[in-house]
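Under this note's numbering, think of the first position of the sequence shown as 56, with each following residue one higher.
Even glycine gets a Cβ: it sits at the ideal position worked out from N, Cα and C.
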Amino acid sequence: MESMNIQPVAFDHPDAVKLNDRVQREYAERYDDEGDVTPLDASMFKPPYGLYLIAYDDAGTALATGGWRVMDENGEGYADGDAEIKRMYVTPEARGLGLARRILAVLEDDAREAGRARMVLETGTKQPEAISLYTSSGYTPCGKFGHYRFSRLSRCYAKPLR
Numbered sequence: 056m057e058s059m060n061i062q063p064v065a066f067d068h069p070d071a072v073k074l075n076d077r078v079q080r081e082y083a084e085r086y087d088d089e090g091d092v093t094p095l096d097a098s099m100f101k102p103p104y105g106l107y108l109i110a111y112d113d114a115g116t117a118l119a120t121g122g123w124r125v126m127d128e129n130g131e132g133y134a135d136g137d138a139e140i141k142r143m144y145v146t147p148e149a150r151g152l153g154l155a156r157r158i159l160a161v162l163e164d165d166a167r168e169a170g171r172a173r174m175v176l177e178t179g180t181k182q183p184e185a186i187s188l189y190t191s192s193g194y195t196p197c198g199k200f201g202h203y204r205f206s207r208l209s210r211c212y213a214k215p216l217r
């Protein structure tokens, strides 16, 4: 396997926008809807309140992405000290290389260093690969939170960072 270079980038970086468009198309196909409509903007992923990563191959092709953002108690089921994973995605041609697991580990370490207590994420029943990644990485089901907390297809997971 060629080496992968995981770089912090802005959420509105052109490569991030391209990968975000791809993941949104995949969500729309899997769920037969408009994709993930959770409101997000680049300021949410600026250190130390978050981090956004892209994995590049040796040729400079963006193959995977993921980020975390600070979330505290806000009436949507979050708790003070939460860090939320958003936009984890690996392009189909790069799946099976362990990129999601590597990005997830970097995000967890960064959120821990930023003083966050718990990493949380929301995924859906039509993303079994994501559920498998998270449960095999120590995440356990938790109370529902976020934009999709009332959806029957939504699944929420958490992992202590301390």
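Once the 5 residues before and after threonine 146 are set aside, which same chain residues still bring their CB inside 6 Å of it?
Leu118
Go to asparagine 75, then tell me how far its alpha helix (DSSP H) extends in each direction, as first and last residue.
69-86
Cβ of glutamine 79 versus every heavy atom of the ligand PLP: is any distance shorter than 8 Å?
In the structure shown, the ligand PLP is absent, as is every other ligand, since no ligand is present at all.
Output yes or no for whether 9 Å exceeds the beta carbon distance between alanine 39 and alanine 149.
Within the shown structure, residues of the chain are numbered from 56 to 217, placing residue 39 beyond reach of any answer.
What are the boundary residues of the beta strand (DSSP E) that includes aspartate 137?
137-145
What's the call for arginine 124, buried or exposed, on a 16-neighbour Cβ count within 10 Å?
buried
Could you round the C-beta distance between proline 69 and alanine 169 to whole angstroms and report it? I think they count as a contact, below 8 Å.
That belief does not hold up - the Cβ atoms of proline 69 and alanine 169 are roughly 26 Å apart, past 8 Å.
Compare the Cα-Cα distances from aspartate 135 to each of Val175, Ala97, Lys101, Met126 and report the closest residue.
Met126
Is the beta carbon of lysine 141 less than 9 Å from the beta carbon of threonine 93?
yes
Alpha-carbon spacing of cysteine 211 relative to leucine 95, whole angstroms:
18 Å
In angstroms with no decimal places, state the Cα-to-Cα distance between methionine 56 and leucine 152.
Caution applies to methionine 56, whose pLDDT of 49 falls short of 50 and renders its modelled position unreliable; the value that the coordinates give is listed next. Straight-line Cα distance between these residues: approximately 8 Å.
Which word fits glutamate 163, buried or exposed, when buried means at least 16 other C-beta atoms lie within 10 angstroms of its C-beta?
buried
So, under 8 Å CB-CB, glycine 132 and arginine 80 are touching, yes? Tell me the CB distance rounded to an integer number of Å.
With a Cβ gap of about 28 Å, glycine 132 and arginine 80 do not count as contacting.
Proximity below 9 Å, CB of aspartate 137 to CB of arginine 85
no
My assumption, with CB atoms under 8 Å, is that alanine 166 sits in contact with leucine 108. Please give the rounded CB distance.
Between leucine 108 and alanine 166 the Cβ distance is about 12 Å, and since that is not below 8 Å, they are no contact.
For alanine 160, which of Ser206, Pro183, Gly121, Asp67 has the nearest alpha-carbon?
Gly121
Nearest to glycine 201 by alpha carbon, out of Ile61, Asp87, Val64, Gly130?
Gly130
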